[in-house]
Amino acid sequence: MRFDYCPKCGEKLVLRQIGDEGEIPYCEVCQRPWFDMFSTCVLSVVADEDNEVLLIRQSYGDTARFVGVAGFMKVGETPEAAAAREVREETGLTAESVRYIDSCFYDGRDQLMLGMLARVKKAECHISGELLEAKWFSFDEAVKTVREGSIIQRFIKSVRKEMKK
103 MRFDYCPKCG EKLVLRQIGD EGEIPYCEVC QRPWFDMFST CVLSVVADED
153 NEVLLIRQSY GDTARFVGVA GFMKVGETPE AAAAREVREE TGLTAESVRY
203 IDSCFYDGRD QLMLGMLARV KKAECHISGE LLEAKWFSFD EAVKTVREGS
253 IIQRFIKSVR KEMKK
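For this note's numbering, add 102 to where a residue sits in the sequence shown, where the first one is 1.
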């Protein structure tokens with residue numbers, strides 16, 4: 103998101119040279135720069151003790167396609183906590199461990215996607231109202247099931263490659 107007006111006082115921003123950053127929108131009233139903003143999201147590869155991957159189908163958007171468990175980070179939340187929260191909210195499963203995998207900027211939505219590996223014990227899912235289905239796949243099946251070239255496919259491939267080392 104690029105600002106034309108100050109989000110605090112409403113004053114029209116002017117471009118000002120800010121060090122090595124170049125020209126940045128600046129509020130002369132508040133005396134501060136307003137850098138472009140983006141949302142930070144987590145996108146998890148949810149895997150169980152048998153190295154199967156849990157994919158979900160959402161009740162909105164492309165309902166026919168399986169995707170990874172994802173969501174927006176809340177202010178003050180770590181990526182690990184956000185991933186664990188999203189896994190719990192969407193599937194009812196508890197992440198026993200969560201770690202960072204990789205990241206990717208999604209230009210289409212101005213989102214920084216933080217790839218996380220969430221390890222869970224396989225159990226019956228209690229899906230949220232946002233989901234139509236949650237289903238377990240082998241890593242190879244998961245790669246083929248998600249959209250070709252998608253960010254979740256990239257993250258699944260990354261974890262699968264790590265496991266083969």
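Think of the CB as a built atom: it goes at the ideal place given N, C-alpha and C, for glycine as much as any other residue.
- Distance from the CA atom of residue 130 to the CA atom of residue 215, rounded to whole angstroms, is 33 Å.
- Membership of residue 137 in any beta strand (DSSP E) is not indicated, and neither H nor E is assigned to it by DSSP.
- It is roughly 8 Å from the alpha-carbon of residue 233 to the alpha-carbon of residue 162.
- Here residue 117 is not near residue 105, since their CB atoms are 7 Å or more apart.
- Residue nearest to residue 200 within the set 222, 244, 192 is 222 (criterion: CA-CA distance).
- When secondary structure is reduced to three states using DSSP, residue 204 falls in the strand class.
- Annotation for residue 213: 140, 141, 143 place their beta carbon closer than 7 Å to its own, counting only its chain and skipping 5 residues before and after.
- The alpha-carbon separation between residue 193 and residue 228 amounts to approximately 5 Å.
- Take residue 203, set aside five residues on each side of it, and the residues of its chain with a beta-carbon closer than 8 Å to its own are 147, 217, 218, 219, 257, 260, 261, in chain order.
- Secondary structure of residue 184 (DSSP, three-state): helix.
- Cβ-Cβ distances below 8 Å link residue 191 to 173, 230 in the same chain, with the five nearest sequence neighbours on each side left out; the list follows chain order.
- Taking all protein chains in view, the Cβ of residue 109 is surrounded by fewer than 16 other Cβ atoms within 10 Å, so the residue is classified as exposed.
- DSSP, reduced to helix, strand and coil, places residue 125 within a strand of the structure shown.
- In this model, residue 120 and residue 209 are separated by some 24 Å (Cα to Cα).
- The beta carbon of residue 132 lies closer than 7 Å to those of 108, 110, 111 in the same chain, with the five residues before and after it left out.
- DSSP places residue 218 in the strand class (E or B) of the three-state scheme.
- DSSP places residue 174 in the strand class (E or B) of the three-state scheme.
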